[in-house]
Amino acid sequence: MSDTDVREQIVRAADGLFYSQGIGAVGMDAVRDAAGVSLKTIYKQFPSKEQLVLGVLAHRHQLWTSGIDGAVARADTPRDRLLAVYDHLANWFDEDDFRGCGFINTFGELGATSPAVALAVRDHKLSFQAYVDRLVADAGGPAELGPQLAILAEGAQTTAAILGTSESAGVARQAAATLIDAAF
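Numbered according to the working numbering, the sequence shown spans residues -14 to 169.
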């Protein structure tokens, strides 16, 4: 198995554990057991738990980007592409293991004590904001619409996690449709 494969195996195992239990509650022994590799192998790939968390965040960013890209690509009109973000959220919120946004969860646990983690989370959120801004620009909408739509998506994620229901995706989608219609 290549170093890349081993690294991916460790990240996926850690991601599942961190997302379901929280980062602080998961020790490196649990990651070792879930990944099926030695601690020496883990620390060769990730010299610290913080580095492993950053690896997991990079993995989650890729999953998020792929999911949003896929949803948007399936939409036919500029308006539908903007609303596809909320359709993606609705599907995600209905997954059995949904526990909120992994970036928000990680920031809540480590953002105050790890500048590197805080930066990675901010970069992810800024990337999403820029993505929505591009969708709005491609649709010919006003620049202020992008941040409005992005904050609706962010709020829906938090609300869904806290309430344990996917309804916030539909509410956010309805609000987004109202904002989009008013902007155009």
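Glycine included, every Cβ here is placed at the ideal spot set by N, Cα and C.
Runs of the alpha helix (DSSP H) spanning 4 or more residues and lying entirely within the region 38 to 112 occur at 63 to 78 and 87 to 95, in chain order. The C-alpha of Ser112 is placed about 24 Å away from the C-alpha of Lys34.
Going by DSSP, Ala168 is part of the alpha helix (DSSP H) stretching over Glu152 to Ala168. Between Thr50 and Leu24, the alpha-carbon positions lie close to 30 Å from each other. Of the residues assessed, Ser99 falls on the buried side of the cut-off, its CB having 16 or more other CB atoms within 10 angstroms. Residue nearest to Ala124 within the set Glu(-7), Gly155, Ala60 and Phe31 is Ala60 (criterion: CA-CA distance). The straight-line gap separating the alpha-carbon atoms of Tyr28 and Gly93 is approximately 25 Å. The C-alpha of Leu48 is placed about 21 Å away from the C-alpha of Ala157.
For Glu(-7), the uninterrupted alpha helix (DSSP H) segment begins and ends at Asp(-12) to Gln6. Linking Thr(-11) to Thr91 through their CA atoms gives a straight-line distance of about 24 Å. In this structure, Ile89 sits away from His73, with a CB-CB distance that is not shorter than 7 Å. Closest in alpha carbon position to Tyr116, among Ala69, His44 and Ala167, is Ala69. When DSSP states are grouped into helix, strand and coil, Pro32 belongs to the coil group.
Here Pro132 carries a helix assignment [DSSP, helix/strand/coil].
7 Å or more divides the Cβ of Leu67 from the Cβ of Leu2.
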